[in-house]
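Student: Structure below; questions to follow.
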Amino acid sequence: MGLGDLLRVTEAEVRNLLPFSKAVELAREAYLRLANGKVVSPDRIRLTVPNGASMFFMPAYVSGERTVSVKIARLNPRNSTVSLPTVMSDILVYDSQSGVLLAEIPGESLTAIRTAASSAVATDVLAQRRVECLGLLGTGRQAEAHVPAIQQVRDISRVVMYSRDKGKREAFARDISRDNEIEASAAGSPEEVVKESDLIVTATTSHTPLFKGELVQNGSHLNVIGAAEPDAREIDTTLVKRSILVVDSREQALSTYGDIVVPIREKAIERAHIRAELGELLAERRTLSRGPDDITLFKSGGIAVLDAIAADHILSQISGRTL
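Residues in the sequence shown are numbered from 39 upward in steps of one, following the numbering used here.
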């Protein structure tokens, strides 16, 4: 692949070239690079069109790499009324020296895989060594990707999930069981999922807490990946207060993650309740000790370096050389 030859990567190529084992490895590397000051990534830019879509621009450059990536995500809940996706995204990849556009990568599979891989890294660092039941709230692509990703770091024995549509959640359970060779079942409520699970993933578009935080078992770990808006949240203040809180980006968490912004606004917690960024723990710049009854919580909203490292890997595999 030469400069000036625009590569249009397909969703199938993304899934083929980014297996979960490699995705978890890349996510770990991304957080380490970030913690070690090797990433240039300005704050995400949000553009909202009146009565239209919200658009998010997420650029990132990893020091020493040959590429720069910009993810462009679009969100419009009203799209569902006209049979269009409510969330769409693409990653544009540029040569870091010349600025030439090298590739366009569709974002659906890449985002699902890299987000699940990020949660898997957090699970490996924060969760108990022995976990039995993975609980999923949400049955979309993000939730689906978390099962094989978590299986890279923990030997879970079963999965239980919930979404509002009974038919969809029952079909989802069958698909999860078949695709991952694991026992999977649909629950009748979010509360049922929480009570049964010691490892929980929330992957919804909910703007209000999905369950009462007092229901979470002592010793559980949660990956909370939805609600990346200041007034939206998947979990309540009680759970945040009960948890050892780790985030992907402290700056982003304090400005845009409603799960954290709202409890701070309520004066229920202080900013220091965020114990660490995940990268700080991986780089051993901060340490955490957890007891068997402690609840750990990883809150993420997506950081651009995860897309950049994954995109660079995909291009290097297609071109047959390191970009």
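Backbone N, C-alpha and C fix where the C-beta goes; we use that ideal spot for every residue, glycine too.
Would you mind sorting R207 into buried or exposed? The rule is 16 or more other CB atoms within 10 Å of its CB.
Tutor: Under this definition R207 is a buried residue.
Student: Looking at chain D, is there any beta carbon in it that lies within less than 9 Å of the beta carbon of N218?
Tutor: Of the protein chains in this structure there is only one, and it is not chain D.
Student: CA-CA distance, L361 and P144?
Tutor: Caution applies to L361, whose pLDDT of 44 falls short of 50 and renders its modelled position unreliable; the value that the coordinates give is listed next. Approximately 19 Å between the Cα atoms of the pair.
Student: Are the segment 185–200 and the segment 211–227 touching by the rule of at least three beta carbon pairs closer than 8 Å?
Tutor: Output reads yes: the segment 211–227 touches the segment 185–200.
Student: Helix, strand or coil: how does DSSP classify R192 here?
Tutor: Coil, per DSSP.
Student: Is I341 near N256, with beta carbons less than 9 Å apart?
Tutor: Contact flag unset, no.
Student: With 16 other CB atoms within 10 Å as the buried threshold, where does D43 fall?
Tutor: Flag for D43 reads exposed.
Student: What alpha helix (DSSP H) runs, 4 residues minimum, are completely inside the segment 221–247?
Tutor: Fully enclosed alpha helix (DSSP H) runs of 4 or longer: 228–234.
Student: If you follow the alpha helix (DSSP H) that P301 is part of, which residue opens it and which one closes it?
Tutor: Counting along the chain, the alpha helix (DSSP H) containing P301 begins and ends at 296–303.
Student: Of the choices R82, R216, V77, R116, whose alpha-carbon is the least far from that of N89?
Tutor: The option with the nearest alpha carbon to N89 is R116.
Student: If you follow the beta strand (DSSP E) that V343 is part of, which residue opens it and which one closes it?
Tutor: Where V343 is concerned, there is no enclosing beta strand (DSSP E), although the alpha helix (DSSP H) it sits in stretches over 342–357.
Student: Quick check on DSSP: helix, strand or coil for V108?
Tutor: The answer is strand: DSSP assigns V108 an E or B state.
Student: Any heavy atom of the ligand MG closer than 8 Å to the Cβ of Y295?
Tutor: Among the components modelled here there is no ligand, and therefore nothing to report on the ligand MG.
Student: For N54 and R303, I'd like the C-alpha separation in whole angstroms.
Tutor: Going by the C-alpha atoms only, they are around 44 Å apart.
Student: Report yes if the CB atom of A65 is closer than 9 Å to the CB atom of S79, and no otherwise.
Tutor: Taking 9 Å as the Cβ cut-off, A65 and S79 do not qualify as a contacting pair.
Student: Once DSSP output is grouped into helix, strand and coil, what is the label at T276?
Tutor: Three-state result, T276: helix.
Student: Could you tell me the alpha carbon to alpha carbon distance between E146 and D128, rounded to whole angstroms?
Tutor: Using only the alpha carbons, I get a separation of about 8 Å.
Student: Over what stretch of residues does the beta strand (DSSP E) that includes D217 continue unbroken?
Tutor: Element bounds for D217: not the beta strand (DSSP E) but the alpha helix (DSSP H), 204–218.
Student: When burial is assigned at 16 or more other CB atoms within 10 Å of the CB, is V300 buried or exposed?
Tutor: Buried, since its Cβ has 16 or more Cβ neighbours within 10 Å.
Student: Kindly indicate the opening and closing residues of the beta strand (DSSP E) around S92.
Tutor: Unbroken beta strand (DSSP E) run through S92: 92–100.
Student: Use the C-beta contact count for S121: other C-beta atoms within 10 angstroms, 16 or more gives buried, fewer gives exposed.
Tutor: The residue in question, S121, is exposed, as its Cβ has fewer than 16 Cβ neighbours within 10 Å.
Student: If you follow the alpha helix (DSSP H) that G317 is part of, which residue opens it and which one closes it?
Tutor: Taken as a continuous stretch (DSSP letters only), the alpha helix (DSSP H) holding G317 covers 316–320.
Student: Below 8 Å, can you find three or more Cβ-Cβ pairs linking the segment 165–178 to the segment 236–247?
Tutor: Flag = yes, the segment 165–178 and the segment 236–247 touch.
Student: Confirm, please, whether the CB-CB distance from V138 to S101 is below 9 Å.
Tutor: For S101 and V138, no; Cβs fall outside 9 Å.
Student: Beta-carbon within less than 7 Å of P268's beta-carbon, same chain only, minus the 5 sequence neighbours each way: which residues are those?
Tutor: Within the same chain, P268 has close Cβ partners T294, G296, V299.
Student: Three Cβ pairs or more, each shorter than 8 Å: is that satisfied between the segment 310–319 and the segment 278–290?
Tutor: Yes, they touch.
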